[in-house]
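Remarks on the structure that follows.
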Amino acid sequence: MSSSTFAAEDADRCRRALADEQAASLAATAGWAHVDKEQVHRDWHDLYGEIAAAIKAGAQPGDEAVQELIDRHHAVVSRFYHPSPDAYLGMALLYAEDESMRTWHTSYHPRMVEFLGTAMRYYTDARR
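This is the structure in structure tokens:
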């Protein structure tokens, strides 16, 4: 997913929601002091390995098994704060637009960022 899949005002709203919600959470939790960041990184690594395998196997972002993986992704994110649907989609945009985030995610699979973004969109659409 990229900003081209959103109307400009929708993409901007999602970016703002992510920035605002993360800033509020960081301030309220002393920089996410409550989060075991080492465990989170291990969980991301394992999860992204599973998503990469699903992509290689031909899974589609809306498939039930993929949506279960995205539910796990959302659960890891929720260890930091509980993102609104807009903030969660803002995270998908961040993955696509921030060079370091894109590089890290695509190290698991070249299509990881786009696949994740589309799957995250299905996920939020199903829960609105």
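Each residue of the sequence shown is one higher than the one before, starting from -16 at the first, in the working numbering.
Glycine is no exception: its CB is placed at the ideal position from the N, C-alpha and C atoms.
Check	Outcome
Collapsed DSSP secondary structure at Tyr78 in the structure displayed	helix
Residues near Tyr105 in its chain [Cβ-Cβ closer than 6 angstroms; skip 5 each side]	Pro44 and Gly45
Nearest-angstrom Cα separation, counted from Gln22 out to Leu99	21 angstroms
Inter-residue Cα distance where the pair is Leu72 and Ala36	23 angstroms
Pro66, buried or exposed, once every other Cβ within 10 Å from all chains shown has been counted against 16	buried
Cβ distance (whole Å) where Arg(-4) is taken to contact Asp54 below 8 angstroms	With a Cβ gap of about 23 angstroms, Arg(-4) and Asp54 do not count as contacting.
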